[in-house]
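S.K.: Let me begin by handing over the structure; questions about it come next.
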């Protein structure tokens, strides 16, 4: 998404383990902490860079559905989400030197009732295992989604429009002409 806007960037994954969600008061607190942790980890190794850390969780009835560990857990998650509305929360932390800008975006997602055969076929693929809640709206499992209320890109994992608003307001970006966004 940043590339489409002509903003140069590098993807540098954080390999720091995510904390246990049980230690947090709410799903928002947890996902915010994860985004800050990722941004701080990368910023520590690249102090001259503007670093964007992001994390996404799927929440159903205050239960955080992380990336499934195996087929059984992926199947259990999808059974829980089937025919229900859940929340996707994406948190973003932007670090530049000692400055930090953080925010989160909440989106309501409703799933169709999922036939058992669909869940079995999908969990036989590699797709659900690197995604919170065992699905990615931008992949074939997007076919499970009946409707969303909110920012589609936040469900994908980066609320780009809101991010650009924050970067512009904080003075990290300026818009002067076509594809001339970088400061």
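In my numbering, the protein residues as written are 131 to 313.
By construction, the Cβ of each residue, glycine as well, lies at the ideal position given by its N, Cα and C atoms.
These numbers come from a predicted model, not from an experiment.
Based on Cα-Cα distance, which residue from 283, 131, 255 and 181 lies nearest to residue 200?
M.R.: 255
S.K.: Is the beta carbon of residue 151 closer than 9 Å to that of residue 188?
M.R.: Cβ distance not < 9 Å, so residue 188 and residue 151 don't count as in contact.
S.K.: What three-state label does DSSP hand residue 197 in the structure shown?
M.R.: coil
S.K.: Which residues in the same chain as residue 286 place their Cβ atom closer than 7 Å to its Cβ, once the five residues preceding and following it in sequence are excluded?
M.R.: Close CB contacts of residue 286 within its chain, under the 7 Å cut and outside five residues either way in sequence, are with 267 and 268 (chain order).
S.K.: Please check the pair residue 184 and residue 163, which I expect to be a contact at CB under 8 Å, by giving their CB distance rounded to whole angstroms.
M.R.: No, residue 184 and residue 163 are not in contact; Cβ-Cβ is about 13 Å, not under 8 Å.
S.K.: Taking residue 220 and residue 288 to be in contact with their CB atoms under 8 Å, please state how far apart those CB atoms are, rounded to whole angstroms.
M.R.: 7 Å
S.K.: So residue 278 is in the beta strand (DSSP E); what residue range does that whole segment cover?
M.R.: 275-279
S.K.: With distance defined between alpha-carbon atoms, name the residue in 304, 239, 245 and 257 nearest to residue 278.
M.R.: Here the closest residue by C-alpha is 239.
S.K.: Please check the pair residue 280 and residue 235, which I expect to be a contact at CB under 8 Å, by giving their CB distance rounded to whole angstroms.
M.R.: 7 Å
S.K.: Quick check on residue 271: buried or exposed, where buried means 16 or more other Cβ atoms within 10 Å of its Cβ?
M.R.: buried
S.K.: How far does the beta strand (DSSP E) with residue 247 in it reach, from first residue to last?
M.R.: No beta strand (DSSP E) holds residue 247; the alpha helix (DSSP H) holding it covers 246-253.
S.K.: Out of curiosity, what's the CA-to-CA distance linking residue 154 and residue 167?
M.R.: 14 Å
S.K.: Can you tell me where the beta strand (DSSP E) with residue 185 in it begins and where it stops?
M.R.: 180-190
S.K.: Pick out whichever of 225, 210, 193 and 194 has its Cα sitting closest to the Cα of residue 178.
M.R.: 225
S.K.: Run through DSSP, which three-state label would residue 144 get?
M.R.: coil
S.K.: In angstroms with no decimal places, state the Cα-to-Cα distance between residue 310 and residue 223.
M.R.: Caution applies to residue 310, whose pLDDT of 48 falls short of 50 and renders its modelled position unreliable; the value that the coordinates give is listed next. Cα to Cα, residue 310 sits roughly 23 Å from residue 223.
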